[in-house]
């Protein structure tokens, strides 16, 4: 017996196997079914801790053109602790809390589209702005990094 849907242990997709949190084996042994005592019952169980951890969102802000107020947000240093490729990178400029959804026909104005590990942004003014990167791993776990930045001419 095991936790999760029937067939998950033999399933071919990775997400089904990741849903298993407990495995239990029951063994009934009767060396001689014609004699007493009855069979012996042995049971063992293993509880599996979740091996999947949240990804780490990390990004750098680099000025590209001071006159045009252009900066680059580079999130390629973000990583999944299990080494799997991240499924989504979403940058935001001055977002509300909680972070809005950036898909659909009318994404929130703080969303930088299209979603990408790198984004170029025209800074609207010389004030302090918050830049946020949200990354999602293949299992749907999320990592978030936030930086505040002022573009100052050298």
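Residue numbers (my numbering): 12 to 165. In this text, a Cβ means the ideal position worked out from N, Cα and C, and glycines have one as well.
- Inter-residue distance for residue 85 and residue 71 is about 5 Å (C-alpha atoms, whole angstroms).
- Distance between residue 43 and residue 49, taken at the CA atoms: about 9 Å.
- When the Cα atoms are used, residue 92 and residue 78 turn out to be separated by approximately 39 Å.
- Residue 82 holds the alpha-carbon nearest to the alpha-carbon of residue 164 among 82, 154 and 143.
- When DSSP states are grouped into helix, strand and coil, residue 154 belongs to the strand group.
- Annotated as distal: residue 142 and residue 121, with beta-carbon spacing of 7 Å or more.
- Cβ atoms of residue 97 and residue 147 come within 8 Å of each other, at about 7 Å.
- Of the residues 101, 112, 105 and 90, the one whose Cα lies closest to the Cα of residue 64 is 90.
- Less than 7 Å divides the Cβ of residue 154 from the Cβ of residue 67.
- The Cβ neighbour count for residue 132, taken over all protein chains shown within 10 Å, is at least 16; the residue is labelled buried.
- Inclusion of residue 134 and residue 95 in the CB contact set at 7 Å is not warranted, their separation being larger than that value.
- Here the alpha carbons of residue 114 and residue 107 stand approximately 16 Å from one another.
- Our two residues, residue 69 and residue 156, have alpha carbons roughly 6 Å apart in a direct line.
- DSSP lists no bridge partner for residue 77.
- Close CB contacts of residue 101 within its chain, under the 6 Å cut and outside five residues either way in sequence, are with 113, 126 and 145 (chain order).
- Non-local C-beta neighbours of residue 124 in its own chain, meaning closer than 7 Å and more than five positions away in sequence, comprise 113 and 118, ordered along the chain.
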